[in-house]
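Q: Pasting in a structure now, in structure tokens, and then I'll have a few things to ask.
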Amino acid sequence: MNAKIVTIPGDGIGPEIVAEAQKVLEKVAEVYGHQFTFEKVLMGGCSIDAYGEPLTDATVAACQSADAVLMGSIGGKVGQSHWYELPPEKRPEAGLLKLRKSLGLFCNLRPAHLYPELRRACPLRESIAEQGFDVMMVRELTGGLYFGARKTETVDGEEVATDTLVYHDYEIRRIAKKACEIAEKRHGHVTSVDKANVLDSSRLWRKVVTEVATAHPGVQLEHALVDSTAMQLVRNPGQFDVVVTENMFGDILSDEMAEIAGSLGMLPSASLREDSFGLYEPSGGSAPDIAGQNIANPLATILSAAMLLRYSLNLTKEADAIEDAVAEALRTGFRTGDIMEDDVEGLTCLHTDEMGDKIASLIR
Ligand code: IPM
Ligand code: MN
Numbered sequence: 009m010n011a012k013i014v015t016i017p018g019d020g021i022g023p024e025i026v027a028e029a030q031k032v033l034e035k036v037a038e039v040y041g042h043q044f045t046f047e048k049v050l051m052g053g054c055s056i057d058a059y060g061e062p063l064t065d066a067t068v069a070a071c072q073s074a075d076a077v078l079m080g081s082i083g084g085k086v087g088q089s090h091w092y093e094l095p096p097e098k099r100p101e102a103g104l105l106k107l108r109k110s111l112g113l114f115c116n117l118r119p120a121h122l123y124p125e126l127r128r129a130c131p132l133r134e135s136i137a138e139q140g141f142d143v144m145m146v147r148e149l150t151g152g153l154y155f156g157a158r159k160t161e162t163v164d165g166e167e168v169a170t171d172t173l174v175y176h177d178y179e180i181r182r183i184a185k186k187a188c189e190i191a192e193k194r195h196g197h198v199t200s201v202d203k204a205n206v207l208d209s210s211r212l213w214r215k216v217v218t219e220v221a222t223a224h225p226g227v228q229l230e231h232a233l234v235d236s237t238a239m240q241l242v243r244n245p246g247q248f249d250v251v252v253t254e255n256m257f258g259d260i261l262s263d264e265m266a267e268i269a270g271s272l273g274m275l276p277s278a279s280l281r282e283d284s285f286g287l288y289e290p291s292g293g294s295a296p297d298i299a300g301q302n303i304a305n306p307l308a309t310i311l312s313a314a315m316l317l318r319y320s321l322n323l324t325k326e327a328d329a330i331e332d333a334v335a336e337a338l339r340t341g342f343r344t345g346d347i348m349e350d351d352v353e354g355l356t357c358l359h360t361d362e363m364g365d366k367i368a369s370l371i372r
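Note that my numbering gives residue 259 to position 251 of the sequence shown, counting from 1, and the numbers run on in steps of one.
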């Protein structure tokens, strides 16, 4: 197969972790006889520094011409980096949001599962970590509070800030459909998360998700409130299969899921549109405090590359090969600093590039 992959290394640890994921994809191409071409473009803080804006039309066009996009992370330290002296719509994060919207990436998948080797890195009770969990978070990505009208104004001498949470029924319908289809290939269970005891947008969410689920008789749907779900995720994550929710709730719950899975450095993500096109990025941020030190965990990005093969290129065997290589590296004791346990014998702590080499060497 020939495929064009655009890479957006971005800021902070982004360039280091994307380099390792690209290395693994190149090894996959070699072993399985594919032609992958890579084109690197700028977004985020590095694009602000180069072009004065976080996302240029050229970057959007490059992404549109690709089969898939592999991204690192964008942004710096709020309050410390000069990027945050700019107005909000000129900052790094605005670039990412505009890119998601321009590419129509409404469906964000964040799979969290606890590798048996990382049970001790899981902050939950031992008996819960023992049971393990495997949750697929389906986060709506182009609606809600992130994209509603906002303003800050002065009313009667007081500063007032407003954000708006808007959902159209079609936006809920298409993400609910994706969640049901994914559940049909897993354990057939969907938990739809909302705040229907307070919000109108959540009441519409609940109604539309219920309608969609009736067209999927193989799917068992449950509704849950977001506050209670936050609690249940730390109490007993094993009860969840597919969790579907709106943009902001999904942002918050997915960080919680990453933490119970051992490290934000382990959680990949896929942002998909209706067809097979997608953007793949680790769920974690740019970690500016450890950037440039070759110590970041590249596994979330490498696992995102596996999702790219699976969802955009339909290369299932190749995606499995990457996921198996990651599992094998963990099983044989290879770690990065974030998941290292100094008091356990037989573990080897690797640098970012060494972990990339290790995974590439395990691709068969
Ligand atoms: C994420 C990030 C982004 C989001 C930020 C960087 C805008 O936290 O992908 O989860 O909130 O969606
Ligand atoms: Mn987030």
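The C-beta atom is built at its ideal place from N, Cα and C for all residues, glycine as well.
(1) Report the three-state DSSP secondary structure of ARG99 (helix, strand or coil).
(2) Can you say whether SER236 is buried or exposed, counting buried as having 16 or more other CB atoms within 10 angstroms of its CB?
(3) At a cut-off of 6 Å, is GLU254 close to the ligand IPM when judged by its beta-carbon and the heavy atoms of the ligand?
(4) Between ASP346 and SER291, is the Cβ-Cβ spacing less than 7 Å?
(5) Quick check on DSSP: helix, strand or coil for HIS176?
(6) Any heavy atom of the ligand IPM closer than 6 Å to the beta-carbon of ASP259?
(7) Which residue's Cα is closest to the Cα of ASP361: PRO276, ASN305, ASP350 and LEU321?
(8) Taking DSSP as the reference, what is the three-state secondary structure of ALA76?
(9) Is GLU264 near the ligand IPM, going by C-beta to nearest heavy atom under 6 Å?
(10) According to the Cβ coordinates, are ILE16 and VAL49 closer than 7 Å?
(11) What does DSSP give as the partner residue(s) for PRO119 in the beta ladder?
(12) What is the residue span of the alpha helix (DSSP H) that VAL220 lies within?
(13) Would you kindly report the start and end of the unbroken beta strand (DSSP E) that includes GLU167?
(14) Between the C-alpha atoms of TYR59 and PRO131, what's the straight-line distance to the nearest angstrom?
(15) Could you check what DSSP says for ALA58 in three-state terms: helix, strand or coil?
(16) Assign LEU280 to one of three DSSP states: helix, strand, or coil.
(17) Using the C-alpha atoms, what's the distance from ARG181 back to LYS193?
(18) Enumerate in chain order the residues of its own chain whose CB-to-CB distance from LEU126 is below 8 Å, with the five nearest sequence positions on each side excluded.
(19) Pick helix, strand or coil for PHE155, following the three-state DSSP scheme.
(20) Of all the options ALA278, PHE114, ASP164 and GLN247, which has the alpha carbon lying nearest to the alpha carbon of ALA232?
(21) As a quick exercise: from GLU148, TYR123 and ALA368, pick the residue whose alpha carbon is nearest that of MET256.
(22) Please report the distance separating the alpha-carbon of ALA333 from that of ALA313.
(23) Tell me which residues share the same chain as ASN10 and place their Cβ nearer than 7 Å to its Cβ, disregarding the 5 neighbours each side in the sequence.
(24) Note down, in chain order, each residue of its chain lying with its Cβ closer than 7 Å to the Cβ of GLU167, except the 5 sequence neighbours on either side.
(25) Tell me whether GLU101 counts as near the ligand IPM, meaning its Cβ is closer than 6 Å to at least one heavy atom of that ligand.
A: In short, the structure shows the following:
(1) ARG99 carries a coil assignment under DSSP once its states are collapsed to helix, strand and coil.
(2) exposed
(3) no
(4) no
(5) coil
(6) yes
(7) ASN305
(8) strand
(9) Not one heavy atom of the ligand IPM sits closer than 6 Å to the Cβ of GLU264.
(10) yes
(11) MET144
(12) 208-222
(13) 166-171
(14) Taken atom to atom, the span from the alpha-carbon of TYR59 to that of PRO131 is near 42 Å.
(15) helix
(16) strand
(17) 19 Å
(18) Excluding sequence neighbours, LEU126 sits near ALA269, GLY270, SER271, MET274, LEU338 and ILE347.
(19) coil
(20) GLN247
(21) GLU148
(22) 13 Å
(23) GLN43
(24) THR160
(25) yes
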